[in-house]
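Residue numbers (this note's numbering): 12 to 69.
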């Protein structure tokens, strides 16, 4: 059974297109995430802190 992740918020809502912004994604079902995208751009790395929060620098 696969759980579909639900994103409730992304903080901050915007950042530099050149990268370096620390982003926190909050929601549910985030454990086991294998990919994070900001629009069409895939994240090169991210950390899942819990089922309800992950962080990434974009």
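Glycine is no exception: its CB is placed at the ideal position from the N, C-alpha and C atoms.
Query                                                                                                            : Result
Looking only at DSSP bridge pairs, what is residue 22 linked to?                                                 : 35
Name the two residues that bound the continuous beta strand (DSSP E) containing residue 61.                      : 58-61
Suppose you measure from the CA of residue 56 to the CA of residue 39; what does that come to, to the nearest Å? : 19 angstroms
Nearest to residue 25 by CA position, among 41, 50, 13, is which residue?                                        : 50
Could you give the DSSP three-state label for residue 64: helix, strand or coil?                                 : strand
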